[in-house]
Amino acid sequence: MSTHEESTAALRRREIRLSRGDAELTLLPGAGGRIGSLRIAGTELLRQGAGYGSFPMAPWCGRTAQGRFLNGGVHHQLPLNSPPHAMHGPVHDAAWRTARADGASAVLVHDLAEPWPYPGRVTQVFELGEDALTLTLAVETTGDSFPAQAGWHPWFLRRTDGGAYGGGGPVELDFAPAWQEERGEDHIPTGRRTEPRPGPWDDCFGMPDGVDVTLTWPGRLELRVTSAAEWVVVYDEQEEAVCVEPQSGPPNGLNTAPRLVTPIDPLEVTTTWRWRALG
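Add 92 to the 1-based position in the sequence shown for this note's numbering, that's all there is to it.
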């Protein structure tokens, strides 16, 4: 292994540990600025392993159709990392810088570069409380204006093991969306809104009063995901985990619901995960 490869591997292994009360949070700045672990009283809530935990999505969320988007009169082509689409934005597997980390809070920063065609910066803020975790994502431009999205992709364990809240049955989801985005055969929303349908899901839902989804591990723990964002993707097709993804726009939103980031108007979105013991 070359010296560069060794230093890159070491960077990806570097961890930041935050704690408050019986809550413990592990951040991985070198592995996409993701949350590697969230433990409550010793019980892990996130699926472990490369690509899991909880990662940020920016400057787009989910799939961008064929990796193409338009900014004014300029067409752009993004790499197709999930052919035939561009998936989740480039920051979820990039290295982030640690701007601050102290006990129960941290700030991570990533400067946008190729393959994203515009200069800019993404900032993450983590604030851990005794019964809640608040996450903030901000996208700003350092040059021309561009359309953007931001959100999170947590992999919550379907079943927990160990600690005070381990064991027992699978997690249950409870939410009341106003509509479901009809998903085409290519997994891109068709633009038609339907009544919410039973799962399993790999689908986007509209919650115009803000995202509000409760995950319950029966008799053990309840975790409520809230955000002023109006869109949430729910993915529960895997046996090991379920994903509840608050985001600022729907999949392919760079094309269908663009939110322009300008030098005086950055994009900022926040989510809170609040938990309580049951029984």
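Yeah, the Cβ is synthetic: ideal placement off N, Cα and C, and Gly gets one too.
Exercise. Are the beta-carbon atoms of L204 and V217 separated by less than 8 Å?
Worked result: Between L204 and V217, the gap from beta carbon to beta carbon reaches 8 Å or more.
Exercise. From which residue to which residue does the alpha helix (DSSP H) around L346 run?
Worked result: If you look at L346, you'll find it in the alpha helix (DSSP H) that goes G345 to T348.
For this session: Using the Cα positions of S197 and V166, report the straight-line distance between them to the nearest angstrom.
Result: For S197 and V166, the distance between alpha carbons rounds to 39 Å.
Exercise. Roughly how many whole angstroms lie between the Cα atoms of T234 and P310?
Worked result: So the alpha carbons of these two residues sit roughly 47 Å apart.
For this session: Put R106 into one of helix, strand or coil per three-state DSSP.
Result: R106: coil per DSSP, three-state reduction.
For this session: For the region 177-185 and the region 257-277, state whether three or more C-beta atom pairs, one from each stretch, are separated by less than 8 Å.
Result: Counting C-beta pairs with one atom in each stretch, the region 177-185 and the region 257-277 have fewer than three that are closer than 8 Å, which means they do not touch.
Exercise. Is the beta carbon of F238 less than 8 Å from the beta carbon of V336?
Worked result: Result no, Cβ atoms of F238 and V336 do not sit closer than 8 Å.
Exercise. Within this structure, are the beta carbons of W365 and L225 separated by less than 8 Å?
Worked result: In this structure, L225 lies closer than 8 Å to W365 by Cβ.
Problem set entry | Cβ neighbours of R192 in the same chain (closer than 8 Å, five flanking residues each side left out) | So the qualifying residues of the chain are A198 and V199.
Exercise. What is the DSSP secondary structure of A159, counted as helix, strand or coil?
Worked result: Position check: residue 159 holds Gly in this sequence, whereas Ala was assumed. Shown here, G159 sits in a helix according to DSSP, grouped into three states.
Exercise. From this set, G145, G345, G283 and E219, which residue's C-alpha is nearest R160's C-alpha?
Worked result: With distances taken between Cα atoms, R160 lies closest to G345.
Problem set entry | H167: first and last residue of the uninterrupted beta strand (DSSP E) it sits in | For H167, the enclosing beta strand (DSSP E) covers residues V166 to Q169.
For this session: Indicate the three-state DSSP secondary structure (helix, strand or coil) for V214 in the structure shown.
Result: V214: strand per DSSP, three-state reduction.
For this session: Check the DSSP bridge columns for A333 and list the partner residues they point to.
Result: Note: A333 sits in a beta bridge opposite L249.
Exercise. Expressed to the nearest angstrom, what Euclidean distance is found between the alpha-carbon atoms of G134 and T306?
Worked result: Cα to Cα, G134 sits roughly 21 Å from T306.
Exercise. Taking N347 as the reference, which of G298, G143, R312 and P281 has the closest Cα?
Worked result: Here the closest residue by C-alpha is P281.
For this session: Give the single residue among V334, S111, P207 and E116 whose Cα lies nearest to the Cα of W152.
Result: For W152, the nearest C-alpha among the options comes from P207.
Problem set entry | V353 in three-state terms, based on DSSP | It is a strand residue.
Exercise. So L220 packs on A115, CB below 8 Å; how close in whole Å?
Worked result: Confirmed, about 6 Å.
For this session: Assign A369 to one of three DSSP states: helix, strand, or coil.
Result: Correct three-state label for A369: strand.
For this session: To the nearest angstrom, report how far apart P148 and L117 are at their CA atoms.
Result: If I take the Cα positions, the gap works out to 15 Å.
Problem set entry | For V353, the nearest candidate out of V303, L172 and P211 (CA to CA) | The residue with the shortest Cα to Cα distance from V353 is P211.
Problem set entry | Distance between beta carbons of L137 and G128, contact taken as under 8 Å | Going by Cβ atoms, the distance from G128 to L137 rounds to 12 Å, so no, they are not a contact pair.
Exercise. Smallest Cα separation from W271: which of P342, G243 and L315?
Worked result: Of the candidates P342, G243 and L315, the one whose C-alpha sits nearest the C-alpha of W271 is P342.
Problem set entry | Residues that DSSP places opposite D328 in a beta bridge | Per DSSP, none; premise fails for D328.
Exercise. So, using beta-carbon positions, are A242 and V361 closer together than 8 Å?
Worked result: It is a contact, given that the beta carbons lie within the stated cut-off.
Exercise. According to DSSP, is D295 helix, strand or coil?
Worked result: In the three-state reduction of the DSSP assignment, D295 falls in the strand class.
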